[in-house]
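J.: First, the structure itself, so that you have it in front of you.
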DNA sequence: GCGCTGATTGTTTAG
DNA sequence: CTAAACAATCAGCGC
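Residue numbers (the working numbering): 169 to 336.
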């Protein structure tokens, strides 16, 4: 019954291992914060991307956006973003999976769009590496009325709970 | 004046 | 598979 996002019973790894959860990973802002970057050993993330698509907000972020508004509303004095983050994280874990469904659903859609963007992004990388062809083209997300322009006029009535109905 | 830091968790990405 | 990075936010503080 439950959704089954991936393979059931797959979360063992995460619980078993979570050494890196130190939260203080140091400063992931290697971009320019400090020279923390892993000593240029093996640039993990490629170098700079021409037009790298930003990561879509995860379910938690989607919820966070909403939570931030509420939190701030009741705590207008709050001044640290960390406060919201902590509160949100606490509540987030407190929520039931069903409650996270709408958030996850939204995140899932964003992810789908993101994949499309990556397609173009990958193409560009390929072209670049090859030297660009003469005709390249950008497929650029043709369209898709899905979420991008689909809602155009419609409001955001997102009721799509239809996701992953995969069963065996 | 500008820009990073902090804190949350989830997803993403490259090796 | 794994480890690391980064996604938003916002005000405070450093240089």
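Quick reminder that beta carbons are idealized off the backbone N, C-alpha and C, glycines included.
Only a predicted model underlies this, so the values are computations on that prediction, with no experimental measurement involved.
Does DSSP classify residue 247 as helix, strand or coil?
T.: coil
J.: Use the C-beta contact count for residue 249: other C-beta atoms within 10 angstroms, 16 or more gives buried, fewer gives exposed.
T.: exposed
J.: Using a threshold of 7 Å, is the CB atom of residue 257 nearer than that to any non-hydrogen atom of the ligand SAH?
T.: As far as ligands go, the structure on display features none, and thus does not contain the ligand SAH.
J.: What number of angstroms, rounded off, separates the C-alpha of residue 278 from the C-alpha of residue 226?
T.: 8 Å
J.: In the DSSP assignment, the alpha helix (DSSP H) including residue 236 goes from what residue to what residue?
T.: 227-242
J.: I need the straight-line Cα distance from residue 234 to residue 285, nearest angstrom please.
T.: Taking the CA atoms as reference points, residue 234 sits about 25 Å from residue 285.
J.: Report all residues from its chain with a CB closer than 8 Å to the CB of residue 224; omit the five preceding and five following residues, and keep chain order.
T.: 275, 278, 279, 281, 282
J.: Given a cut-off of 8 Å on the beta-carbon distance, is the pair residue 246 and residue 240 in contact?
T.: Yes, the Cβ-Cβ distance between residue 246 and residue 240 is below 8 Å.
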